[in-house]
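Residue numbers (UniProt numbering): 1 to 303.
Glycine residues also receive a C-beta, built at the ideal position from the N, C-alpha and C atoms.
The structure under discussion appears below in the form of structure tokens.
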Amino acid sequence: MAPQKQLTLFFKRSAALASNGSPTEAFCTSTSLVSNKKRRSSMQACEQIQPMESSSVDKHETGTVQPPPFHHPLINLIPQQWQNALSSHFETDSFKSLCKFLDEEKRSSVTLYPPEKLVFSALHMTPLDDVKVVILGQDPYHQPKQAHGMSFSVPPGVPLPPSLRNIFTEIESDLGYTVSQHNGGLLIPWARQGVLLLNAVLSVRAGLANSHKGKGWEEFTDRVIDEICLKHQYRGVVFLLWGNYAKQKGSRIDKSVHVVFEANHPSPLSANRGGWFNCKHFSQTNEALKQMGLQPIDWSLKS
């Protein structure tokens, strides 16, 4: 066959193969015109092309490989809607340190309140979408059978703590009706109406008030407040901050959007010095809710 005809046949075959496959396939197949040894060498070279290209693209598109999300059993205790809102906080050093601290407390066999499964009761009882009022406490009751994960609230059958008794006294003075104690000091009826009963610190050692202060809970509840403010930035939320500890959270709240009422803590030590009784926070809260177009709270605990 003449040299010119050989060249013509070569290019026709290469063009036909290129139209039926990728340029790489066309290149590899065209090498069938060379010796078997060269063909095997060329095919090996072709096989190396794709991994190199894929590796380059993956690195460009994904960048540095990210570690898996932090996971801890504590997160599973949080209801899903709140988990979604707080998810980025779970990656912070503060939250990881809190989890490590709580693990160490459990290993040391000390008694903690509330029981672990009740730590996030407030978030379970009042979904993020439903929050209208936030009553911010300090830390859980530290005596047996009192704390169940909601600020100031106690289970049925437990004697009223002095702070809660003073709260009921102020409600009766402010609103003119008696607070039902059919279920003792259980404040779930408030929570179901959109009152988030949140402590700044969500756990405590038995008999040791403030024993879990500064361990990471404050940053967690800061984030809870931030998410509430963000979620309800157009209609507003009423925040009741009682005592200096709670008042420290006030700087996080945009008072041009939300309503903040401050008073002394209702504990006897603070309340008897003035600044709690006659604060009228309950009637003022209901008036603020009306201005927001929301249903006022029935504080009577009859429901």
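- Here DSSP, grouped into helix, strand and coil, assigns residue 112 to strand.
- Taking C-beta atoms as the reference points, residue 72 and residue 99 count as a pair closer than 8 Å.
- Secondary structure of residue 205 (DSSP, three-state): strand.
- In the structure shown, residue 239 adopts extended strand secondary structure according to DSSP, grouped into three states.
- Rounded to whole angstroms, residue 140 and residue 114 show a C-alpha spacing of 7 Å.
- Judged by DSSP in its simplified three-state form, residue 278 adopts coil rather than helix or strand.
- Residue ranges of uninterrupted alpha helix (DSSP H) with 4 or more members, entirely inside the segment 88–156 and ordered along the chain, are 93–107, 121–125.
- Counting only residues of its own chain and dropping the five nearest sequence neighbours on each side, residue 275 has a CB closer than 8 Å to the CB of 263, 264.
- In the three-state reduction of the DSSP assignment, residue 70 falls in the coil class.
- Counting the other Cβ atoms within 10 Å of the Cβ of residue 239 gives 16 or more, which makes it buried.
- Judged by pairs of C-beta atoms under 8 Å, the segment 76–87 does not touch the segment 157–169, as fewer than three such pairs exist.
- Residue 224 sits in a helix when the DSSP states are folded into three classes.
- The distance from the Cβ of residue 85 to that of residue 128 is about 6 Å, consistent with a contact at the 8 Å cut-off.
- Rounded to whole angstroms, the separation of the alpha carbons of residue 190 and residue 261 is 18 Å.
- Counting only residues of its own chain and dropping the five nearest sequence neighbours on each side, residue 281 has a CB closer than 7 Å to the CB of 240, 261, 263.
- Just so you know, the alpha carbons of residue 159 and residue 229 end up roughly 34 Å apart.
- By the neighbour-count criterion, in which a residue is buried when 16 or more other Cβ atoms sit within 10 angstroms of its Cβ, residue 223 is buried.
- Minimum Cα-Cα distance from residue 234 among the listed residues 89, 294, 147 corresponds to 294.
- 8 Å or more divides the Cβ of residue 112 from the Cβ of residue 104.
- Counted as a single uninterrupted DSSP element, the beta strand (DSSP E) harbouring residue 196 occupies residues 195–199.
- Excluding sequence positions up to five before and after residue 283, its CB lies within less than 7 Å of the CB of 174, 175, all in the same chain and listed in chain order.
- As computed with DSSP, residue 260 is found in a beta bridge with 239.
- Secondary structure at residue 173: helix, using DSSP grouped into helix, strand and coil.
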